[in-house]
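K.L.:
Attaching a single structure in structure tokens format; questions to follow.
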Amino acid sequence: MNNLFADFFSSSNFAFTADIAQLCMSFLMNLVVVWIIVHFFYYPKGHRRDYYFTFLMLSVSIFMLIGVLLKGSSDMGIGAALGLFAIFGIIRYRTESVPIREMTYLFFLVALSVLNGKVDELNFLGRLIINALFVVVVWVSENFLSAYREGCKFVKYDNIDLIKPERYDELVADLEKRLGLEILRVDVGAVDFLTDMTMLRVFYKDPTHRIKAVDRILKVPADNAF
Numbered sequence: 011m012n013n014l015f016a017d018f019f020s021s022s023n024f025a026f027t028a029d030i031a032q033l034c035m036s037f038l039m040n041l042v043v044v045w046i047i048v049h050f051f052y053y054p055k056g057h058r059r060d061y062y063f064t065f066l067m068l069s070v071s072i073f074m075l076i077g078v079l080l081k082g083s084s085d086m087g088i089g090a091a092l093g094l095f096a097i098f099g100i101i102r103y104r105t106e107s108v109p110i111r112e113m114t115y116l117f118f119l120v121a122l123s124v125l126n127g128k129v130d131e132l133n134f135l136g137r138l139i140i141n142a143l144f145v146v147v148v149w150v151s152e153n154f155l156s157a158y159r160e161g162c163k164f165v166k167y168d169n170i171d172l173i174k175p176e177r178y179d180e181l182v183a184d185l186e187k188r189l190g191l192e193i194l195r196v197d198v199g200a201v202d203f204l205t206d207m208t209m210l211r212v213f214y215k216d217p218t219h220r221i222k223a224v225d226r227i228l229k230v231p232a233d234n235a236f
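In short: position in the sequence shown from 1, add 10, done, that's my numbering.
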């Protein structure tokens, strides 16, 4: 093992001091940019510490895989990074329903880490520009393209007489009274005439601008599920 490390560090393809310094700078840049994206853009709306941890750890793993283990092998490095992410997706992320926003951030940060890991392909200024573009895209998307200024929840509703189009205003007024929210619009889904129940998708004004995973639950869990 010692001979293996000695041969690696003495190789003409690896100038130890210069390459390690470049790798460390790239690693710090990648870690700081990923942390900025996760902490300042994802977390204020998602408030999911489990995904916070996942984003940071996956980003570091992909960066080190590209920057160190597969140094100098462009096609192999990118293929291995994407393959590793695919394995994670098949083994772990299929066991639970991962929201589309979290999956988008995963792909976004994997792509960023792959680009930052290619220390041989881009100079420092080039990586700085690319990272700045990634941050700008997230900032614009979250602040101007995001629809999360309104909340959405599914409601099982028992007064199906109010789902008629001509009684829409009464339906909204009843939901506002029961929920204590300012209703923006209501979509009527499945209707069960046997039990006089219907499923409503209620959009409401959310001053907190937070994404609440519990709003997407379609049915009330059993008592023993808590």
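The beta-carbon is built from N, C-alpha and C at its ideal position, and this holds for glycine as well.
#1: Please report the straight-line C-alpha distance between N194 and R177, rounded to a whole angstrom.
#2: Going by DSSP in three states, K55 sits in which element: helix, strand or coil?
#3: With DSSP collapsed to three states, give me the class of K128.
#4: Report the partner residues of I193 according to the DSSP bridge assignment.
#5: Specify the secondary structure class of F164 as computed by DSSP and reduced to three states.
#6: Give the DSSP-derived three-state secondary structure of M114 in the structure shown.
#7: If you compare alpha carbons, which of C34, P109, Y115 and R59 is closest to V44?
#8: Just mark D216 as buried or exposed, buried being the case when its beta carbon has 16 or more other beta carbons within 10 Å.
#9: Using the Cβ count rule (16 or more neighbours within 10 Å means buried), how would you classify R253?
#10: Restricting to Cα atoms, I'd like to know which of G127, P109, V196 and L68 is closest to G77.
#11: Can you say whether F134 is buried or exposed, counting buried as having 16 or more other CB atoms within 10 angstroms of its CB?
#12: Since R198 and T205 should fall inside the 8 Å C-beta cutoff, what is the C-beta to C-beta distance between them, to a whole number of angstroms?
#13: One question on the structure: do R59 and E112 come within less than 9 Å of each other, judged by their Cβ atoms?
P.N.:
Quick answer:
#1: For this step, residue 194 is matched to residue 184 along the sequence shown. For this step, residue 177 is matched to residue 167 along the sequence shown. The amino acid at residue 194 is misidentified as Asn; the sequence shows Leu. Approximately 16 Å between the Cα atoms of the pair.
#2: For the purposes of this step, residue 55 is identified with residue 45 of the sequence shown, where counting begins at 1. Looking at K55 - three-state DSSP - the assignment turns out to be helix.
#3: Sequence index remark: in the sequence shown, residue 128 carries index 118 (1-based). Here K128 sits in coil by DSSP.
#4: In the sequence shown, residue 193 corresponds to position 183, counting from 1. Partner(s): Y214.
#5: Numbered from its first residue, the sequence shown carries residue 164 at position 154. Here F164 sits in strand by DSSP.
#6: Your numbering for residue 114 matches position 104 in the sequence shown. Inspection of the sequence shows that residue 114 is occupied by Thr rather than by Met. T114: helix per DSSP, three-state reduction.
#7: By 1-based counting over the sequence shown, the position of residue 44 is 34. Ranking C34, P109, Y115 and R59 by Cα distance to V44 puts Y115 first.
#8: For this step, residue 216 is matched to residue 206 along the sequence shown. Classification for D216: buried.
#9: Because the chain is modelled from 11 through 236, residue 253 falls outside the range shown and cannot be assessed.
#10: Indexing the sequence shown from 1 puts residue 77 at position 67. Comparing Cα positions, the closest option is G127.
#11: As a position in the sequence shown, residue 134 is number 124, starting the count at 1. Answer is exposed; the Cβ neighbour count stays below 16.
#12: Numbered from 1 along the sequence shown, position 188 holds the residue referred to as residue 198. Numbered from 1 along the sequence shown, position 195 holds the residue referred to as residue 205. At residue 198 the sequence reads Val, which differs from the Arg that was named. Their Cβ separation, rounded to whole angstroms, is 16 Å, which puts V198 and T205 out of contact at 8 Å.
#13: As a working mapping, residue 59 is identified with position 49 in the sequence shown. As a working mapping, residue 112 is identified with position 102 in the sequence shown. No, these two residues do not count as a Cβ contact at 9 Å.
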